[in-house]
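Visitor: Please see the structure below; I have some questions.
Number of protein chains: 2
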Amino acid sequence: MPKPPALDFDAFLPYRLSVLANTVSQDISSEYEERFNLSVTQWRVMAILGRHAGLTARDVAMRTAMDKVAVSRAVAGLAERKLLSRTISERDRREAHLRLTRSGRAIHDQIVPLALEHERRLLKRLTAEERHWLAHLLDRLRPAIALPEA
Amino acid sequence: MPKPPALDFDAFLPYRLSVLANTVSQDISSEYEERFNLSVTQWRVMAILGRHAGLTARDVAMRTAMDKVAVSRAVAGLAERKLLSRTISERDRREAHLRLTRSGRAIHDQIVPLALEHERRLLKRLTAEERHWLAHLLDRLRPAIALPEA
DNA sequence: TGCAAATGGTTACATATGAAACTATAAAGA
DNA sequence: TCTTTATAGTTTCATATGTAACCATTTGCA
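Protein sequence lines, in the order shown, are assigned to chains A and B.
In terms of my numbering, the first sequence is numbered consecutively and its last residue is 150.
In terms of my numbering, the second sequence is numbered consecutively and its last residue is 300.
Below you can see the structure in the form of structure tokens.
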């Protein structure tokens with residue numbers, strides 16, 4: 001009779017990818033969660049605003065692969081702690097432009113090097129050739145996410 | 151003055167890895183969630199039992215990178231639906247051996263090909279050389295997860 | 001033996017998350 | 001201009017999840 005189908009997790013790509021990504025993410029997030037009491041979503045919002053000041057919540061959602069509810073909540077929490085400011089848009093009063101405050105920027109500037117250091121540690125385990133292929137593969141497998149107007 | 155630090159998500163490895171893994175996982179899970187009303191954790195438990203009948207909850211937790219509470223809940227839900235059975239262990243009455251029931255196996259056998267097909271679709275986008283490097287990198291980056299007694 | 005410490009598994013509680021409904025405003029069309 | 005439709009963002013509700021406390025049993029060792 002036919003052998004019953006079975007799935008070997010150790011060889012199943014989606015699973016291995018998922019475990020790897022979660023491990024790496026958590027290594028980083030556990031650090032800023034503890035030190036600055038920021039959730040992953042909150043940090044993502046801060047990071048994107050640190051680079052692109054004045055985006056709206058909608059823009060942030062698109063750029064971070066988060067849904068708008070998650071962004072709304074993260075922004076509310078950050079505004080509460082005065083880590084970012086909301087400015088109602090002149091031309092469309094439904095939307096607000098978001099910017100890090102001085103104290104938001106201060107925290108941001110501490111987390112960025114920390115995140116980059118984690119990335120460096122990860123890459124250090126690889127040879128130059130392996131690093132090259134990793135970047136290449138991430139490009140090739142990049143999900144079809146709409147990145148509107150750069 | 152020094153330029154302010156900033157993190158470019160598009161180039162930040164942990165982020166890209168995370169988005170990719172989540173997209174891939176969700177592609178698959180959305181299908182069996184809808185068709186069989188199974189959560190990701192439930193499916194993971196079923197998959198591991200489909201391959202290794204008789205494991206205890208503890209074994210399952212170790213092999214699936216899930217914590218014991220998640221396993222306990224998944225198992226409870228599956229037992230409720232009679233997709234798996236629990237048999238108290240002879241030699242240690244705290245633990246129970248888990249096995250798919252006939253109907254659990256039937257569902258399992260439908261999902262496995264579906265999962266493998268998704269994996270195939272993903273790999274089809276890559277050349278043989280790229281596939282090789284992907285597997286290699288996943289090995290090299292494999293998180294230090296304890297896999298006790300095979 | 002008998003008792004403290006460890007372990008498998010569950011439960012309780014508090015928090016996070018997602019889907020859908022909702023509010024306010026803007027855009028499109030009659 | 002009036003009315004419908006779409007959009008930005010928030011709130012609500014139901015569910016998922018993690019942490020810590022817990023129960024039952026077993027192990028280690030006095």
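In this text, a Cβ means the ideal position worked out from N, Cα and C, and glycines have one as well.
So with CB distances below 8 angstroms, who are the chain A contacts of ALA265 (chain B)?
Guide: LEU7, PHE12 and PRO14
Visitor: Under 8 angstroms Cβ to Cβ from ALA246 (chain B), same chain only, skipping five residues before and after it: list those, please.
Guide: THR206, ALA207, ARG236, THR237, ILE238 and SER239
Visitor: On a CA-only basis, which of B:TRP193, B:MET212 and B:VAL221 is nearest GLY254 (chain B)? Give me that one, please.
Guide: B:TRP193
Visitor: Could you please tell me which residues of the stretch 35-50 of chain A, in chain order, have their CB closer than 7 angstroms to any CB of chain B?
Guide: ALA47, ILE48 and GLY50
Visitor: How about ALA171 (chain B) and ALA115 (chain A): are their beta carbons less than 9 angstroms apart?
Guide: Not in contact: ALA171 (chain B) and ALA115 (chain A) (Cβ atoms no closer than 9 angstroms).
Visitor: Which residues of chain B have a Cβ atom closer than 8 angstroms to the Cβ of HIS97 (chain A), listed in chain order?
Guide: Those do not exist, as HIS97 (chain A) stays about 18 angstroms from chain B at its closest Cβ, beyond 8 angstroms.
Visitor: For HIS258 (chain B), which residues does DSSP report across the bridge?
Guide: According to DSSP, HIS258 (chain B) bridges with nothing at all.
Visitor: Going along the chain, which residues of its own chain have a beta-carbon closer than 7 angstroms to the beta-carbon of HIS118 (chain A), five neighbours each way excluded?
Guide: ASP27 and ILE28
Visitor: Residues of chain B with CB under 8 angstroms from ARG63 (chain A), in chain order?
Guide: PHE159
Visitor: Are the C-beta of VAL169 (chain B) and some C-beta of chain A separated by less than 9 angstroms?
Guide: Yes, because at least one Cβ of chain A sits closer than 9 angstroms to the Cβ of VAL169 (chain B).
Visitor: Listed in chain order, which residues of the stretch 278-290 of chain B have Cβ atoms closer than 7 angstroms to some Cβ of chain A?
Guide: The residues in question are GLU280, TRP283, LEU284, LEU287, LEU288 and ARG290.
Visitor: If you drop the 5 nearest sequence neighbours on each side, which residues of the same chain put their C-beta closer than 6 angstroms to that of ARG213 (chain B)?
Guide: ILE198
Visitor: Which term fits SER180 (chain B), buried or exposed, when burial requires 16 or more other beta carbons within 10 angstroms of its beta carbon?
Guide: Exposed.
Visitor: Below 8 angstroms, how does it come out for the stretch 120-130 of chain A and the stretch 280-296 of chain B: are there three or more Cβ pairs, yes or no?
Guide: yes
Visitor: Do the CB positions of SER39 (chain A) and ALA65 (chain A) come within less than 9 angstroms of each other?
Guide: Not in contact: SER39 (chain A) and ALA65 (chain A) (Cβ atoms no closer than 9 angstroms).
Visitor: Please compile the residues from chain B whose C-beta is within a distance smaller than 8 angstroms of the C-beta of GLU119 (chain A).
Guide: PHE162, LEU163 and PRO164
Visitor: According to DSSP, is LEU284 (chain B) helix, strand or coil?
Guide: helix
Visitor: Within 9 angstroms of any Cβ in chain A, is that where the Cβ of ASP209 (chain B) sits?
Guide: no
Visitor: Hey, quick one: how far does the beta strand (DSSP E) through LEU78 (chain A) stretch, first residue to last?
Guide: That residue, LEU78 (chain A), is in no beta strand (DSSP E); its alpha helix (DSSP H) goes 68-80.
Visitor: Is VAL45 (chain A) near ALA156 (chain B), with beta carbons less than 9 angstroms apart?
Guide: Going by C-beta atoms, VAL45 (chain A) is not nearer than 9 angstroms to ALA156 (chain B).
Visitor: Using a Cβ-Cβ distance cut-off of 9 angstroms, determine whether ILE107 (chain A) contacts chain B.
Guide: no
Visitor: Can you confirm whether SER235 (chain B), when its beta carbon is compared against all beta carbons of chain A, has any partner nearer than 9 angstroms?
Guide: no
Visitor: Compare the C-beta of SER103 (chain A) with all C-beta atoms of chain B and state if any pair is closer than 9 angstroms.
Guide: no
Visitor: Assign LEU234 (chain B) to one of three DSSP states: helix, strand, or coil.
Guide: LEU234 (chain B): strand per DSSP, three-state reduction.
Visitor: Give the C-beta separation of LYS218 (chain B) and ALA211 (chain B) to the nearest angstrom, bearing in mind that I take them to be a contact with Cβ-Cβ under 8 angstroms.
Guide: 5 angstroms
Visitor: Less than 8 angstroms between C-beta atoms, sequence neighbours within five positions excluded: which residues of the same chain meet that for ARG307 (chain B)?
Guide: Outside the shown range of chain B (151 to 300) lies residue 307 (chain B), about which nothing can therefore be said.
Visitor: What does LEU276 (chain B) touch in chain A if you count any residue whose Cβ is under 7 angstroms from its own?
Guide: ARG140
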